[in-house]
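In the working numbering, the protein residues as written are 2 to 159.
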Amino acid sequence: MGTTQVLVAGVGNIFLGDDGFGPTVVRQLSSGGENGVHFVDYGIRGMHLAYDLLNEWDALVLVDAIPDRGAPGRIEVFRIELAEGASTYFDGHAMNPEAVFETVLALGGTVPPTVVVGCQVESVAEGIGLTASVEAAVPHAITAIDTVVADLLDRQEV
């Protein structure tokens, strides 16, 4: 079997406070490529991510801000499961993961197994920079990403 190909994608808007979590984390990681792991800061370029997902990936690790559920700065790791019969609505301007995945399907691709490493936000008000609670979570996110990627590479079949 060939090398497992894993895309680690940081998404979010750096001009909206904690929404810039994904790009901030991914920029601190290696440029990737070794051992089949590629780290890319997509920011708000959802179409770029959708087109890149048309390549053969064994897994996607999506690094993103997630809604505040009472614990800003908490790292959460979970799988995204596409619903049976997911729509193939095409929106070239949307960045949310659902729109990106729908675009991939509309373009004839398949969405690889996806794990989200997310951080609950404190503020998504206009402004550059993470709040203190979310900034403090960045090293924990990097550790979580390392663990997820190591597990994906160990399993080789995701």
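Glycine is no exception: its CB is placed at the ideal position from the N, C-alpha and C atoms. Nothing here was measured: the structure is a model prediction, and the numbers come from that model.
What span of residues does the beta strand (DSSP E) with residue i cover, start to end?
| i | result |
| --- | --- |
| T115 | T115 to Q121 |
| D53 | Segment G47 to D53 is the alpha helix (DSSP H) holding D53; no beta strand (DSSP E) there. |
I'd like to check one pair, residue j with residue i: are the Cβ atoms closer than 8 Å?
| i | j | result |
| --- | --- | --- |
| T4 | N56 | no |
| Y43 | G21 | no |
| F40 | L30 | yes |
| V9 | G47 | no |
| V62 | V149 | yes |
| P73 | V112 | no |
Between residue i and residue j, what straight-line distance do the alpha-carbon atoms span, to the nearest angstrom?
| i | j | result |
| --- | --- | --- |
| G23 | V105 | 20 Å |
| N14 | A126 | 11 Å |
| Q6 | G71 | 35 Å |
| F16 | P114 | 29 Å |
Using 10 angstroms around the beta-carbon of residue i, count the other beta-carbons present and answer buried if the total reaches 16, otherwise exposed.
| i | result |
| --- | --- |
| P98 | buried |
| P68 | exposed |
| G18 | buried |
| I76 | buried |
Going by DSSP, what residue range makes up the alpha helix (DSSP H) through residue i?
| i | result |
| --- | --- |
| R28 | F22 to R28 |
| F40 | From DSSP, F40 is part of no alpha helix (DSSP H) but of the beta strand (DSSP E) over V38 to G44. |
Quick one: any contact between the stretch 116 to 123 and the stretch 136 to 146, if contact means 3 or more CB pairs under 8 Å? Because the criterion of three Cβ pairs below 8 Å is met, the stretch 116 to 123 and the stretch 136 to 146 touch.
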